[in-house]
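Trainee: Right, I'll just put the structure down here and ask away after.
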Amino acid sequence: MRSDQPAAGVVPRLWLGLLGIAMAIRLSRILRSGAEVPEDYWRKLVSY
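Sequential numbering of the sequence shown, starting at 972, is according to the working numbering.
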């Protein structure tokens, strides 16, 4: 069963990578539009 251990770590890393990309896309869209980033957005990021 040790052969399954490396594959088990791939899925969480993949999800974290996709989450990071999604957050970067959202932030870049907000900054490009010239809109102000809401205070609660930053508070949510810092609280986790």
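Every residue gets a Cβ at the ideal spot worked out from N, C-alpha and C, and that includes glycine.
With DSSP run on the structure shown, which of helix, strand or coil describes A979?
Mentor: Helix, per DSSP.
Trainee: Distance check for A995 and R1003, CA to CA, integer angstroms please.
Mentor: Answer to the nearest angstrom: the Cα atoms are 12 Å apart.
Trainee: May I have the straight-line CA-CA distance separating R1000 from L987, to the nearest angstrom?
Mentor: Going from the Cα of R1000 to the Cα of L987 covers about 20 Å.
Trainee: Can you name, in chain order, every residue of its own chain whose Cβ lies under 8 Å from the Cβ of V1008, other than the five neighbours on each side?
Mentor: Only L998, I1001 and L1002 meet the Cβ criterion.
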